[in-house]
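**Student:**
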Amino acid sequence: MAGEIVDARGKRCPLPIIELAQALKMVDVGDSLTLLSDDPATVADLSAWARMTRNEVEQQRDFEFLVTKLN
Amino acid sequence: MVPITAQFQAESALHPAARALLLEVFDQGWADPRKLHLESRRAAILLQEAKESIASDLGLSPSEIHFLGEISLGFHLGIVGLLQPDSRLVHSSIDRAEVLAIAAQFPASWEMTVSNSGVVALPELQPNDVLVWQSLNAETGIFPPLPSGLDAFSGRVFVDHTAYPVQASEIPTFSSALWDSSSWSGPKGVSIFALKTGVSGWRNPFPHLQQTVVPSGYSLPLVLASAVALRHWRSDEANNKTKIAELARRIRNFISENIPETDMIDEQLNVWSGIVSLSFLYVDAERLQSDLADEGFTVDSGSACTSANLEASHVLKAMGLLSQGNIRLRLHHHVTAIQIDAFLTVLKRLVEKQRQ
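Top to bottom, those sequences are chains A and B. Counting from 1, one number per residue, gives the positions in the first sequence under our numbering. Counting from 1001, one number per residue, gives the positions in the second sequence under our numbering.
1) Report the partner residues of residue 1194 (chain B) according to the DSSP bridge assignment.
2) Would you list, in sequence order, the uninterrupted beta strand (DSSP E) runs of no fewer than 3 residues that lie entirely inside the segment 1253–1286 of chain B?
3) Could you tell me whether the segment 1131–1142 of chain B touches the segment 1262–1279 of chain B, using the rule of 3 or more Cβ pairs below 8 Å?
4) Compare the C-alpha of residue 29 (chain A) against each of A:54, A:15 and A:65 and name the closest.
5) Of all the options B:1256, B:1271 and B:1014, which has the alpha carbon lying nearest to the alpha carbon of residue 1223 (chain B)?
6) Helix, strand or coil for residue 1091 (chain B) per DSSP?
7) Let me know the secondary structure DSSP gives residue 1326 (chain B) once reduced to three states.
8) Assuming the contact rule is C-beta atoms closer than 8 Å, residue 1347 (chain B) and residue 1214 (chain B) should be a hit. Round their C-beta distance to whole Å, please.
9) In this structure, does DSSP put residue 1299 (chain B) in helix, strand or coil?
10) Mind listing which residues of the segment 2–29 of chain A have their C-beta closer than 7 Å to chain B's C-betas, in chain order?
11) DSSP beta-bridge partners for residue 1110 (chain B)?
12) Per DSSP, what are the beta-bridge partners of residue 32 (chain A) in this structure?
13) Using a Cβ cut-off of 7 Å, which residues of the segment 1313–1328 of chain B contact any Cβ in chain A, in chain order?
14) From residue 1182 (chain B) to residue 1219 (chain B), what distance separates their C-alpha atoms?
15) If you draw a straight line from the alpha carbon of residue 1093 (chain B) to that of residue 1241 (chain B), how long is it in whole angstroms?
16) Which residues in chain B have a C-beta closer than 7 Å to the C-beta of residue 47 (chain A)? List them in chain order.
17) Restricting to Cα atoms, I'd like to know which of B:1003, B:1171 and B:1025 is closest to residue 1371 (chain B).
18) Use the C-beta contact count for residue 1334 (chain B): other C-beta atoms within 10 angstroms, 16 or more gives buried, fewer gives exposed.
19) Tell me the start and end of each unbroken beta strand (DSSP E) in the segment 1117–1165 of chain B that is at least 3 residues and wholly inside, in chain order.
20) For residue 1171 (chain B), collect the residues of the same chain with a Cβ closer than 6 Å to its Cβ; drop the 5 residues on either side in sequence, then sort them by chain order.
21) So if DSSP puts residue 56 (chain A) in a beta bridge, which residue, or which two residues, is it bridged to?
22) Could you tell me whether the Cβ of residue 44 (chain A) comes closer than 8 Å to any Cβ of chain B?
23) State the Cα-Cα distance for the pair residue 1313 (chain B) and residue 1303 (chain B), rounded to the nearest angstrom.
24) Apart from the five residues just before and just after residue 1109 (chain B), which ones in its own chain have a Cβ nearer than 8 Å to its Cβ?
25) Let me know the secondary structure DSSP gives residue 1009 (chain B) once reduced to three states.
26) Any C-beta of chain E within less than 7 Å: which residues of the segment 1276–1289 of chain B qualify?
27) Output the boundary residues of the alpha helix (DSSP H) element that contains residue 1341 (chain B).
28) For a quick check, are the C-beta atoms of residue 1290 (chain B) and residue 1326 (chain B) less than 8 Å apart?
29) How long is the line joining the alpha carbons of residue 1134 (chain B) and residue 44 (chain A), rounded to whole angstroms?
30) Starting from the beta carbon of residue 1261 (chain B), find every residue of chain A whose beta carbon is closer than 8 Å, and list them in chain order.
31) 8 Å is my cut-off, CB to CB: does residue 1311 (chain B) come that close to chain A?
32) So what does DSSP say about residue 1032 (chain B), is it helix, strand or coil?
33) Sort out for me which residues DSSP pairs residue 4 (chain A) with in a bridge.
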């Protein structure tokens, strides 16, 4: 796991993405953090979020996502 | 209860013309049209007239039309009736749940992916394949563009027209097709199933008598009301088309300028203006929906947070569209610019409140 960890397990949409966006404010452009979320809506919504906010997301394994801040 | 200022849900009240007719036909249309009494003969004439009227409005021949009560029967008749033991059932990831349920039971099925611009990835089709095609997607308002390979396909095609009364001739390669009366403000509980004249290889998947496609398990008065509603809906649609398109554009422009981080379908695509789907990042759709209702605006939602099974809309997910904070507006014919403006002002305030 890289950088800070945002643990949103057990939380339902839209909370995981809100917590991710808040944590990302503290991260420098180019740096990454890890999001843990077991909400079934997260997988699809993270890629839509990345497209809309022009950031990068990579799923590492079940419930674990590497998010890189690009702007 | 807050009085409803504007109703943007998919359902609509019965068309006034259909409603006026309904009471009258419950008096006239009670008899069994297959029998020989005077009343039955009158009922048979009414049924034939309704068939001819609907046939002409949907671009069918009256003999191709079969009326159904329960709509899911239409999916079974239309799809399962075309399948052979060696068929492959080819359908898309944004089809209705009824189609996905049939595909899940059939051993050889192929799910076509759909891009976020509504382009369906048609595989190389075999002559024995049965293709399911949706003319309009009810959650996004997209008319999926017809793939070029479809013209050349000699196999069997079921077309799902249940979201919008598309003319049969728009997709001429169909073998069977299904329409839903409630999509033209007709009564619920009437669907139109069509089997194209001369289609080969269809067999009735249900136990049946005397080769009838469906037993006459429909309500004649509702069928007559549906025919009248369709005729009026078509002219209402033609008369209000420009207004609805302008109002849809007004919504999009307002959102682009005032509510950032909103996922909307690209308006350059072939989208029906009557459906506007909006997804707001960082917004809880359930809360938004109930806050809007408190202000007198009713909307639908495809978000996980609003559905009983906690699963987001399979359509939004399949197309890579944001499923959180999703609301869906149906712009009915009678909607006004004043209602839209009032709605947008409230919407902006409620989204901002949640994002604070």
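Just so you know, even glycine gets a beta-carbon here, dropped at the ideal spot from N, CA and C.
**Tutor:** Result, derived from the coordinates:
1) B:1065 and B:1177
2) 1262–1264 and 1275–1280
3) yes
4) A:54
5) B:1014
6) strand
7) strand
8) Actually they do not touch by this definition, with Cβ atoms about 44 Å apart.
9) coil
10) 12, 13, 14, 17, 18 and 21
11) B:1090
12) A:68
13) 1317, 1320, 1321, 1322, 1323, 1324 and 1325
14) 15 Å
15) 29 Å
16) 1320
17) The structure shown has nothing for residue 1371 (chain B), since chain B only spans 1001 to 1356.
18) exposed
19) 1130–1134 and 1156–1160
20) 1159
21) A:68
22) yes
23) 6 Å
24) 1088, 1089, 1090, 1091 and 1103
25) coil
26) Absence of chain E from the displayed structure is noted, the protein chains being A and B.
27) 1337–1355
28) no
29) 23 Å
30) 52 and 53
31) yes
32) coil
33) A:33
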